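**Student:** Below: one structure in structure tokens.
Numbering (the numbering used here), first residue to last: 2 to 326.
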């Protein structure tokens with residue numbers, strides 16, 4: 002059974018896929034993403050793998066007859082892809098060479114282009130879950146790409162806020178966010194010609210870093226080859242620095258926020274490509290769980306001071322940079 006169910010309270014869709022209950026934990030002596038498994042090529046650098054347990058699919062079943070009127074259902078149409086970063090079972094983003102990282106950037110870009118060609122895909126999201134703390138059952142380095150038949154609510158909320166700000170101020174909100182972070186300075190982590198990384202003033206995660214395009218770009222497909230190399234370098238330095246915060250693999254959820262795939266060109270005025278990190282650790286041995294207030298009310302709460310965290314992460318990034326050379 003797989004379908005979408007409409008939530009009239011939030012004007013949003015819930016994806017339902019009972020088959021995902023059958024997802025296995027990785028056995029100790031076998032990894033389907035490693036060469037030799039029979040499920041991936043014997044030789045690859047990066048590889049696109051079709052999700053074995055997709056929540057969305059190009060040939061979805063008909064929804065169950067469980068709702069009508071207020072309770073709407075629709076087919077769970079879409080695509081769920083897995084992006085394998087490396088054949089090395091223990092490699093992560095900071096471990097890749099710059100040339101290898103560029104191949105990953107190209108695969109993300111090519112997959113975005115491919116999924117956008119289906120007019121039923123309203124939004125394409127590139128993301129990564131890293132670490133058992135965020136529910137990862139397959140530790141082999143990988144991320145995912147979902148093509149949704151709707152715009153996810155958080156993205157829609159963000160788009161509406163940016164559009165309202167532009168209509169009121171005649172400026173792109175991200176330009177003003179970047180300007181304020183640069184003016185204050187203490188939360189900035191890295192800056193290059195095309196991108197800036199910082200832990201924003203308003204984050205609800207202790208190390209909830211953002212990477213924002215300084216150019217008027219709204220999707221990964223719009224960047225030059227030079228800019229993509231730059232973005233890959235920044236991702237490696239940022240994640241490499243995170244791993245030095247507690248001297249262990251740092252868990253996170255990472256999501257690329259890009260324009261919808263509806264063909265409109267208005268987003269260049271008020272939106273901007275950016276990457277958001279949601280790392281759950283608030284200490285080496287403590288997880289920041291979302292409380293009832295945060296889950297039930299979306300009332301975000303950060304248990305730490307952002308400026309202190311930014312200084313710590315900035316120093317860790319410098320250590321990673323010196324170590325990498």
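Note that CB positions come from ideal geometry on N, CA and C, so glycine has one too.
Note that this is a predicted model, so its numbers are computed, not measured.
Checking the sheet assignment: what are the DSSP bridge partners for residue 99?
**Tutor:** Residue 99 is not bridged to any residue.
**Student:** Are three or more beta carbon pairs between the region 162–170 and the region 142–151 nearer than 8 Å?
**Tutor:** These segments do not touch.
**Student:** Tell me, to the nearest whole angstrom, how far the beta carbon of residue 234 is from that of residue 99; I am working on the premise that it is less than 8 Å.
**Tutor:** Going by Cβ atoms, the distance from residue 234 to residue 99 rounds to 7 Å, so yes, they are a contact pair.
**Student:** Measuring CA to CA, which of 219, 93, 6 and 47 is closest to residue 242?
**Tutor:** The option with the nearest alpha carbon to residue 242 is 93.
**Student:** Report the rounded CA-to-CA distance for residue 119 versus residue 272, giving the unit in angstroms.
**Tutor:** So the two alpha carbons sit approximately 23 Å from each other.
**Student:** Give the straight-line distance between the Cα atoms of residue 237 and residue 315, rounded to the nearest whole angstrom.
**Tutor:** Distance between the alpha carbons of residue 237 and residue 315: 13 Å.
**Student:** What does DSSP give as the partner residue(s) for residue 130 in the beta ladder?
**Tutor:** Its beta-bridge partners are 254.
**Student:** Three or more C-beta pairs under 8 Å: does that hold for the region 251–263 against the region 289–296?
**Tutor:** As far as the Cβ criterion goes, the region 251–263 does not touch the region 289–296, which means the pair count is below three.
**Student:** Relative to the C-alpha of residue 57, which residue among 222, 116 and 11 is closest?
**Tutor:** The residue with the shortest Cα to Cα distance from residue 57 is 116.
**Student:** If residue 82 sits next to residue 63, beta carbons under 8 Å apart, how far is it from one beta carbon to the other, in whole angstroms?
**Tutor:** Actually they do not touch by this definition, with Cβ atoms about 24 Å apart.
**Student:** Would you list the one or two residues that DSSP bridges to residue 249?
**Tutor:** DSSP, once it has assigned bridges, lists no residue as partnering residue 249.
**Student:** With DSSP as the reference, please indicate the residues paired to residue 144 in a beta bridge.
**Tutor:** Per DSSP, 84.
**Student:** Would you call the CB atoms of residue 16 and residue 128 closer than 8 Å?
**Tutor:** No, the pair does not count as a contact, with Cβ atoms beyond the cut-off.
**Student:** Spatial neighbours of residue 121 within its chain, please: CB distance less than 7 Å, with the 5 preceding and 5 following residues excluded, ordered by chain position.
**Tutor:** Contacts found: 78 and 150.
**Student:** What are the start and end residues of each continuous beta strand (DSSP E) run of 3 or more residues lying completely inside the region 136–182, in chain order?
**Tutor:** DSSP runs (the beta strand (DSSP E)) wholly in the region 136–182: 143–149.
**Student:** Are the region 267–281 and the region 208–216 touching, with three or more C-beta to C-beta distances below 8 Å?
**Tutor:** Taking 8 Å as the limit for Cβ pairs, the verdict is that the region 208–216 does touch the region 267–281.
**Student:** Using DSSP with H/G/I as helix, E/B as strand and the rest coil, what is residue 198?
**Tutor:** Residue 198 falls in the strand class under three-state DSSP.
**Student:** Around the Cβ of residue 175, are there at least 16 other Cβ atoms within 10 angstroms (buried) or fewer (exposed)?
**Tutor:** Counting Cβ neighbours within 10 Å, residue 175 comes out buried, since at least 16 surround it.
**Student:** Let me know if residue 72 comes out buried or exposed under the rule of 16 or more other beta-carbons within 10 Å of its beta-carbon.
**Tutor:** Residue 72 should be labelled exposed.
**Student:** State yes or no: is the C-beta of residue 41 within less than 8 Å of the C-beta of residue 200?
**Tutor:** No, the Cβ-Cβ distance between residue 41 and residue 200 is not below 8 Å.
**Student:** With 16 as the cutoff for other CB atoms within 10 Å, does residue 285 come out buried or exposed?
**Tutor:** By the 10 Å Cβ count, residue 285 comes out exposed.
**Student:** Which partner residues of residue 303 appear in the DSSP bridge assignment?
**Tutor:** None, per the DSSP bridge assignment.
**Student:** To the nearest angstrom, how far is the alpha carbon of residue 4 from that of residue 124?
**Tutor:** If I take the Cα positions, the gap works out to 17 Å.
**Student:** Closest to residue 322 by CA distance: which of 287, 244, 279 and 265 is it?
**Tutor:** It is 244.
**Student:** Check for me: the alpha helix (DSSP H) holding residue 268 runs from which residue to which?
**Tutor:** Residue 268 -> alpha helix (DSSP H) spans 268–271.
**Student:** Under a three-way DSSP split, which group does residue 189 fall into?
**Tutor:** Residue 189 falls in the strand class under three-state DSSP.
**Student:** By a C-beta neighbour count over all protein chains shown, 10 Å radius and 16 as the cutoff for buried, is residue 228 buried or exposed?
**Tutor:** Classification for residue 228: buried.
**Student:** Out of curiosity, what's the CA-to-CA distance linking residue 36 and residue 202?
**Tutor:** Distance between the alpha carbons of residue 36 and residue 202 is about 43 Å.
**Student:** Assuming residue 52 and residue 207 are in contact, meaning their beta carbons sit under 8 Å apart, how far apart are those beta carbons, in whole angstroms?
**Tutor:** Wrong, their Cβ atoms sit about 31 Å apart, outside the cutoff.
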